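The listed protein sequences derive, respectively, from chains C and L. Take the first sequence: its position 52, counted from the start at 1, is 52 in the numbering used here, and no numbers get skipped. Take the second sequence: its position 220, counted from the start at 1, is 1220 in the numbering used here, and no numbers get skipped. No residue lacks a Cβ here, since even glycine has one placed at the ideal position from N, Cα and C. Source: prediction; values computed, not measured. Written below as structure tokens is the structure these notes are about.
2 protein chains.
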Amino acid sequence: MTIRRLSGSLADVGRQAGVSIATASRVLNGSAHPVSDATRERVLEAARELGYSPSALARALVTRRSRIIGVMVGDIVDAYFAEITRGVEDVAARAGYMTIICNADRRTDLEIDQLAVLSDYQAEGVIFAGSGFLDDPRGADLAAAVKRARERDISVLALAVRDFECPRIVADNRGAAYDITDYVLSLGHRRVAYISGPPGLYASRDRLEGFRRAASDAGVEAGLVHEGDFSYEQGYAAALQIIAEADPPEAIIGANDETAIGALAALRQARVEVPGRISVAGMTDTRLARFSDLTTVSVPVYQFGAAAARRIVSGESSPSETVLPHRVVPRSTTARRG
Amino acid sequence: MTIRRLSGSLADVGRQAGVSIATASRVLNGSAHPVSDATRERVLEAARELGYSPSALARALVTRRSRIIGVMVGDIVDAYFAEITRGVEDVAARAGYMTIICNADRRTDLEIDQLAVLSDYQAEGVIFAGSGFLDDPRGADLAAAVKRARERDISVLALAVRDFECPRIVADNRGAAYDITDYVLSLGHRRVAYISGPPGLYASRDRLEGFRRAASDAGVEAGLVHEGDFSYEQGYAAALQIIAEADPPEAIIGANDETAIGALAALRQARVEVPGRISVAGMTDTRLARFSDLTTVSVPVYQFGAAAARRIVSGESSPSETVLPHRVVPRSTTARRG
DNA sequence: TTGTAAGCGTTATCAG
DNA sequence: CTGATAACGCTTACAA
């Protein structure tokens, strides 16, 4: 005798109710196929007695709908990605879907591997949360993998600029950077430094462009750029360097909140008053920013995830690009030039 | 004609290589069954040509090993849970497993639902990351659900105190709270306030006990307790209340880092010098704590996740309780009593 | 060393 | 309205 699943199978339910496996199936999944009320009741009763619960695996195999959504993030510990994931999971769970999380540490080769695994599980959708790289050596491979995945009917979505074909739900990075820079300049600051994101990332490039354009539109120096990598540590280090300069700037803008908070910490450590002496601003408005009361530009990160998940569970074919709005959020780390 | 998976099936590979589906299967999964080098080569070649990749679903169905790990967290945006999840995913991915994340917001009913879904997918393991509640009205239901899951051969692990039967990998909450309190007292402070975790949670109770015991062992007032809920906001609010008192304490300890950082923010906002006037300490040492340079007690959260995942992928039957060590991490938010 | 065939637990087609 | 039965794609005795 073979080992039986404790929860039983449709066969068990059918036997117990004295009906065929087909009939049992029909009442237990909301099939449109007609079933008499009497039989229905018996099947339901049998299922209850046996504590029956259908095998999602078997069902997925035959229906080709796995109810699995994959979300590819850089690092789930990063609040930016965590908030996206939360958005995904909230709508996924409500629809009975499972959310698989894959940390790729911004490495394209890992993304390729993880995408393969997700494909093997016939994930219904895969969400790429992070930005892509300019001139990515593995870019073509990833694009090919994505293409195959889509041909297999997996719906792929990107929440940032990516070098492969798929619908996107994105923020206007350039615009967001422009707006926060513009806001800082509107406070009367003329010399503002910028701590960039990781070189090569589209998101970094776009935000930097936004900063530069805002600066030059305002007729101020746009070259005070320090290279960062979205990390707290680089923000900290860059800020230290910045205040050591002969003629330090009046404001610092970080390419993301984490970097800006690193800068903030460095300034406080060095007893440089914020915003008294130097104003600081970040981007994306993650929880960290709220905690630090950091001026930033809010992009609806949670909504990115939720919207992407909604498209997947609803099976809608999406418009190729949706841009979600951002808005400047003034807080206590910036002040009018004293 | 029925729609074919683009990646093909074993049948396709077999046909292409001119061998049976069984042989193809044998070479394509590292089966011990002998296969001649010639055939093996042909199968491999065929698989390559067809871009074949096995269906994880079908495989899971027959082998009863889904290679799925579920992790039940309160909220993935909480750094504590995110770091655990990262630990899980790192070892899971290396072993070809997928990590499913379930946000339960500390609601037992949601945990029950999510566990059911995970069971339907025949998850190989489920990790409960968060603490349980004293006198949980749904506690018995969850315990029953866990029992059924385990009977179905799902290995359940808890990373905190839980009211159901299963192996645990935990920290010594009482000891950790005791040690950080003891450390703060060793700095010469005599009046120290405590901002607790959510009432009813085992973790809250244990940490509070640790605080109280350390206080009374040192012969100082152990009653300066303010109710919190592990949130930044409550830490902030409590700190405001604390400094408004007639005779404010010399130190504040938060039941977790987030609360402590909330308190920190309130103090800074109110221009109370930290640690000059009041020392502040937290617990668990999440990234937030490092960012804020907060004195805290480090518990190896990432390791919790990693260790749990390792047990699941290795299939080892675990010792019923493993306690991972903690250690006090002095940083800049505490100082010797001036 | 290779192949045949019986599942794994569903759904869905097609007859009754 | 109900029931066989053929998939879904794979693994694994059991034979050859």
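Going by DSSP, what residue range makes up the beta strand (DSSP E) through residue 169 of chain C? For residue 169 of chain C, the enclosing beta strand (DSSP E) has its first and last residue at 168-171.
Spatial neighbours of residue 149 of chain C within its chain, please: CB distance less than 7 Å, with the 5 preceding and 5 following residues excluded, ordered by chain position. The beta carbon of residue 149 of chain C is closer than 7 Å to those of 115, 119, 126, 156 in its chain, skipping five residues each way along the sequence.
Among C:263, C:295, C:109, C:77, the one whose alpha carbon lies nearest that of residue 182 of chain C: C:295
Kindly indicate the opening and closing residues of the alpha helix (DSSP H) around residue 157 of chain C. Per DSSP, residue 157 of chain C belongs to no alpha helix (DSSP H); it is in the beta strand (DSSP E), 155-158.
With a threshold of 8 Å, are at least 3 pairs of Cβ atoms found where one atom belongs to the segment 1020-1039 of chain L and the other to the segment 203-214 of chain C? no
Coarse secondary structure for residue 324 of chain C, derived from DSSP in three states: strand
Using a threshold of 9 Å, state whether the C-beta atoms of residue 1099 of chain L and residue 1085 of chain L are closer than that. yes
To the nearest angstrom, how far is it from the Cα of residue 273 of chain C to the Cα of residue 281 of chain C? 14 Å
What distance in whole Å lies between the Cβ atoms of residue 324 of chain C and residue 171 of chain C, which are believed to be in contact at a cut-off of 8 Å? 6 Å
With DSSP collapsed to three states, give me the class of residue 1062 of chain L. helix
Can you round the beta-carbon distance between residue 189 of chain C and residue 250 of chain C to whole angstroms, since I take them to be within the 8 Å contact cut? 4 Å
Could you say which of L:1222, L:1117, L:1238 lies nearest to residue 1228 of chain L if we only look at CA atoms? Answer by Cα proximity: L:1238.
Sort C:310, C:277, C:308 by Cα distance to residue 191 of chain C and report the nearest one. C:277
If you reduce the DSSP assignment to three classes, tell me which class residue 252 of chain C lands in. strand
In the DSSP assignment, find the alpha helix (DSSP H) that holds residue 1306 of chain L and state where it starts and stops. 1301-1314
Nearest CA to the CA of residue 1212 of chain L: which residue from L:1025, L:1315, L:1313, L:1179? L:1179
Let me know the secondary structure DSSP gives residue 201 of chain C once reduced to three states. strand
Within the same chain, show all residues whose beta-carbon is closer than 6 Å to that of residue 27 of chain C, passing over the 5 residues directly before and after it, in chain order. 35, 40, 43
Proximal residues of chain L, C-beta to C-beta of residue 111 of chain C below 8 Å: Per Cβ cutoff of 8 Å: no residues; residue 111 of chain C is ~12 Å from chain L at best.
For residue 173 of chain C, count neighbouring C-beta atoms within 10 Å of its own C-beta (all shown protein chains included) and say buried if the count is 16 or more, exposed if not. buried
Going by beta-carbon coordinates alone, are residue 176 of chain C and residue 329 of chain C separated by less than 9 Å? Contact: no.
Could you give the DSSP three-state label for residue 1296 of chain L: helix, strand or coil? strand
Taking Cβ positions, are residue 185 of chain C and residue 220 of chain C nearer each other than 9 Å? Residue 185 of chain C places its beta carbon less than 9 Å from that of residue 220 of chain C.
Taking residue 1034 of chain L as the query, report the chain C residues whose CB atoms sit under 7 Å from its CB, ordered along the chain. Under the 7 Å cutoff, chain C gives no residues; its nearest Cβ is about 26 Å from residue 1034 of chain L.
Report the residues of the segment 84-96 of chain C with a CB closer than 8 Å to any CB of chain L, ordered along the chain. 85, 86, 89, 90, 93, 96
So within the segment 1203-1278 of chain L, which uninterrupted beta strand (DSSP E) runs reach at least 3 residues, ignoring any that extend past its ends? Secondary structure remark: continuous beta strand (DSSP E) runs of at least 3 residues inside the segment 1203-1278 of chain L, in chain order: 1251-1254.
Does any residue of chain C bring its CB to less than 9 Å from the CB of residue 956 of chain L? Lying before the first or after the last residue shown, residue 956 of chain L is absent from chain L, which here runs from 1001 to 1338.
Same chain only: Cβ atoms within 7 Å of residue 1095 of chain L, ignoring 5 sequence neighbours per side: 1313
Looking at chain L, which residues of the segment 161-185 of chain C have a Cβ within less than 8 Å of any of its Cβ atoms? Residues: none.
Which residues in the same chain as residue 1069 of chain L place their Cβ atom closer than 8 Å to its Cβ, once the five residues preceding and following it in sequence are excluded? Hits under 8 Å: 1088, 1092, 1097, 1098, 1099, 1100, 1123, 1124, 1125, 1126, 1127, 1309, 1312, 1313.
Indicate whether at least one CB of chain C lies closer than 9 Å to the CB of residue 1054 of chain L. Under the Cβ distance rule, residue 1054 of chain L counts among the residues neighbouring chain C, one pair being separated by less than 9 Å.
8 Å Cβ cut-off: residues of chain L touching residue 265 of chain C: 1291, 1292, 1293
Could you tell me if residue 1247 of chain L is buried or exposed, where buried requires 16 or more neighbouring beta carbons within 10 angstroms of its beta carbon? Flag for residue 1247 of chain L reads exposed.
With H, G and I counted as helix, E and B as strand and the rest as coil, what does DSSP make of residue 329 of chain C? strand
Compare the C-beta of residue 29 of chain C against all C-beta atoms of chain L and say whether one is closer than 9 Å. no
Does DSSP classify residue 164 of chain C as helix, strand or coil? coil
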